[in-house]
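Each number in my numbering comes from the position in the sequence shown (counting from 1) with 1085 added on. The beta carbon of each residue, even a glycine, is placed where N, CA and C say it ideally should be. Okay, structure first, notes after.
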Amino acid sequence: MALKQLIEQRTQSAFEKAGIEPAFPIRLQWSGKPEFGDMQINGVMAAAKAARCNPRELASQVLEQLELDDIADKLEIAGPGFINIHLASSALASAATSMAADPHLGVPKTTEPQSVVVDYSAPNLAKEMHVGHLRSTIIGDAMCRILEFRGDRVIRQNHIGDWGTQFGMLIAELDEQFSQQEIDQGISLSDLEAFYRQAKQHFDQDADFADRARRKVVELQSGDTQCLLLWQRFIEASLEHAESIYRKLNVTLTRADAMGESAYNEDLQPLVAELVEKGIAERDQGALVVKLQELADKEGNASVAIIQKADGGYLYATTDLAALRYRASRLKADRCLYFIDARQSLHMKQVFAIARRAGWVGEQLELTHCAFGTMMGADGKPFKTRSGETIKLAQLLDEAVQRAADLVQQKNPELDAQQRDLVAQRVGIGAVKYADLSKARTNDYRFNWDSMLSFEGNTAPYLLYAVTRIHSLFRKAGLLAAPAEAQIQVEHQAEKDLVLCLERFAEVLDQVSQSAMPHELCAYLYDLAGRFTNFYENCPVLRSDVPQPQRESRLALADLTRRTLQTGLELLGIDCLEFM
Ligand code: ARG
């Protein structure tokens, strides 16, 4: 059991023995300053206030009951009734030793695993993936990995935009450019963006083509086989493109996770009918709408969600309702996380409110829009090419790898070409992902090559380098891993600081799995790497005067740090390196 958990249990029972109502939380925290000890119990004051007794007296009653002889060197009451705990080195040492012996690094599997639907990436297949889909893809994927690591059942849902009027135009263009034989065999569109441009140009300049495109929309919606075949071929080609980006990005989404808007086509009509029947949707100027008083504006006007247009067409919200109903009833979700741009926040609120009102989603199902801000260029303006076009993801990622290759060439010219390619790949992609993940997602975010590729600060290169340094320590020692039976000792202050941080790994993952804020894990890893550097500078490992047990302890500590950093980075979707 983790040290904190153990102290929590003991404190809980000391609270009870001191006569404190179980309702009062003990509030055990790591302390920010060494003069307050390593941990603090802060819950006594609130309990004393409610019981109208002196908090310092209550604290001393708790202290009398608190059995921490085997864990703490010293317990003291401070200020109005805090209890400061100074941990014993032996307790930290044995906690670190057992963490090192655990393949799961002391991170317990959750006792109540949930089925979590994670809605992320979700590009629109009519066009190539662009930077607008980067954040959702990266952050959502990290969350899937973290939840799975902790033992939840994660169901990835890639709600791709594979339906809508723009497909009429694209189908008409396919029809124009490819023979039936080619279409039967399956087409590949090497440049989706160019294809889209051609179709659009055709549509704008050729009235006959535009008519054909419009007819294709009608045919598609009425289920015409030939039209559906063309549509399917296009979707396949476009999905292949998205998947090639996922591979480049080291993102876990597969074909099996693709559940596009079109998958819900059959559900839309009955869904709308049900909303009408339940008296939730009403006619308004020909359209069917749901008025949501709970989302009213300041003047008290209800928020209005359109679920069917006057011409019978369905909308983005209708499909999202169908998807949510499917996730609740068929996927049996306990929790749904949507990684979508903050600009869609009203849309999400409306969908959640309607689904709850319709009774498709029960009280206990958590629905969260994990919103994120816009990606800006280094100049603080929306991220565009110089000519004002959206930046293609494929190009951006290639540039990342190229820039990393130049950097590696500079820093380590001895690497052979194959090694350099591998390092450039991991550093370049890792830098793009980490730069995004390390910022609080709710803010807008500035994309800046120089800062993301820097070897200083909270960046991927810095952390990847920290990992390789530990590998090189082991190479120098002629070892592959830490000696199996090594007992970790905690003597030097730098060792203590490092172990205190290692102990927090499980807690941080727990916190991130609740908050869906991966930057908290990044901040932790950065802190850990900094403490390792401090340890490494102050605590010699391989020097000849270091006695054997101490050398083994320090190697074990280095190895544990390496595994923790590496696991943390992998949970963020970033692969590590042994050298760079
Ligand atoms: N395809 C949408 C877009 O590009 C994002 C879909 C997000 N997921 C959802 N369930 N609405 O804006």
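message: Closest to residue 1285 by C-alpha separation, out of 1384, 1442 and 1254, would be which residue?
response: When only C-alpha atoms are compared, the closest one is 1254.
field: Beta-carbon proximity list for residue 1140, same chain, < 7 Å, skipping 5 on both sides
entry: Cβ within range, chain order: 1129, 1130, 1133, 1165 and 1166.
message: Rounding to the nearest angstrom, what Cα-Cα distance links residue 1216 and residue 1394 in this structure?
response: 31 Å
query: residue 1391: beta carbon under 7 Å from a heavy atom of the ligand ARG?
result: The answer is no for residue 1391.
- request: Give the C-beta separation of residue 1465 and residue 1530 to the nearest angstrom, bearing in mind that I take them to be a contact with Cβ-Cβ under 8 Å.
  value: Residue 1465 to residue 1530, Cβ: 11 Å. No contact.
message: Under DSSP, the alpha helix (DSSP H) around residue 1252 begins and ends at which residues?
response: 1251–1262
field: Residue interval of the beta strand (DSSP E) (run including residue 1423)
entry: 1420–1423
message: Alpha carbons only, please: which of 1440, 1400 and 1396 is nearest the one belonging to residue 1414?
response: Closest option to residue 1414, Cα to Cα, is 1440.
field: Coarse secondary structure for residue 1140, derived from DSSP in three states
entry: Looking at residue 1140 - three-state DSSP - the assignment turns out to be helix.
message: I'd like the span of the alpha helix (DSSP H) that includes residue 1556, first residue to last.
response: 1545–1562 is the extent of the alpha helix (DSSP H) around residue 1556.
message: Considering just the uninterrupted stretch of the beta strand (DSSP E) at residue 1377, what are its terminal residues?
response: Per DSSP, the unbroken beta strand (DSSP E) holding residue 1377 starts and ends at 1372–1377.
message: I'd like the span of the alpha helix (DSSP H) that includes residue 1468, first residue to last.
response: First-last for residue 1468: undefined, no H or E at that position.
message: Just list the residues that DSSP pairs residue 1171 with in beta bridges.
response: Partner(s): 1159.
CA-to-CA distance, residue 1536 to residue 1399, given in whole angstroms: 44 Å
- prompt: Which residues share a DSSP beta bridge with residue 1204?
  reply: According to DSSP, which records beta bridges pairwise, residue 1204 is partnered with 1242 and 1423.
message: Could you compute how far the alpha carbon of residue 1396 sits from the alpha carbon of residue 1508?
response: It is roughly 55 Å from the alpha-carbon of residue 1396 to the alpha-carbon of residue 1508.
task: Thinking residue 1213 and residue 1496 are a contact (beta carbons under 8 Å), I'd like their distance in whole angstroms, please.
output: About 33 Å separates the two Cβ atoms, so there is no contact after all.
query: Between residue 1297 and chain D, is there a C-beta pair that is closer than 8 Å?
result: No chain D is part of this structure, which consists of one protein chain only.
task: Please state whether DSSP places residue 1309 in a helix, a strand or coil.
output: For residue 1309, the secondary structure class from DSSP, reduced to helix, strand or coil, is coil.
field: Beta-ladder partner(s) of residue 1475, from DSSP
entry: 1469
message: According to DSSP, simplified to helix, strand and coil, what is residue 1628?
response: It is coil, neither helix nor strand.
message: Using a 10 Å radius around the Cβ and a threshold of 16 neighbouring Cβ atoms, would you call residue 1181 buried or exposed?
response: buried
task: Please confirm if the region 1440–1456 is in contact with the region 1399–1412, defined as three or more CB-CB distances below 8 Å between the two stretches.
output: yes
- request: Whole angstroms is fine: what's the gap from residue 1136's alpha carbon to residue 1101's?
  value: 14 Å
query: Is it the case that the Cβ atoms of residue 1548 and residue 1650 are separated by a distance below 8 Å?
result: yes
message: Taking only three categories from DSSP, how would you classify residue 1667?
response: Residue 1667 is absent from the model: the chain starts at 1086 and stops at 1665.
Buried or exposed (CB count within 10 angstroms, at least 16 for buried), residue 1433: buried
query: So, is residue 1574 buried or exposed, given that buried needs 16 or more other C-beta atoms within 10 angstroms?
result: buried
task: Might you give, ordered along the chain, the residues of its own chain that have their beta carbon closer than 7 Å to the beta carbon of residue 1454, omitting 5 neighbours on each side?
output: 1423, 1425, 1430 and 1433
field: Within 8 Å, strictly: CB atoms of residue 1222 and residue 1334
entry: Closer than 8 Å, so yes.
message: What does the alpha-carbon distance come out to for the pair residue 1368 and residue 1411?
response: 25 Å
message: With a threshold of 7 Å on Cβ separation, who are the neighbours of residue 1304 within its own chain once the five nearest residues in sequence on each side are excluded?
response: Closer than 7 Å at the Cβ level, and outside the excluded window around residue 1304, lie 1312.
- request: Please state whether DSSP places residue 1058 in a helix, a strand or coil.
  value: The requested residue 1058 is not part of the displayed model; the chain covers only 1086 to 1665.
message: Excluding the 5 residues flanking residue 1556 on each side, which residues of the same chain have their C-beta closer than 6 Å to its C-beta?
response: Taking residue 1556 as the centre and dropping the five residues before and after it, the same chain places the C-beta of 1663 closer than 6 Å to its C-beta, in chain order.
- prompt: So which of 1381, 1646, 1205 and 1392 has the shortest CA-CA distance to residue 1354?
  reply: 1392
task: Below 8 Å CB to CB, which residues in the same chain sit around residue 1211 once its five sequence neighbours on both sides are set aside?
output: Closer than 8 Å at the Cβ level, and outside the excluded window around residue 1211, lie 1246, 1249, 1251, 1252, 1255, 1281 and 1323.
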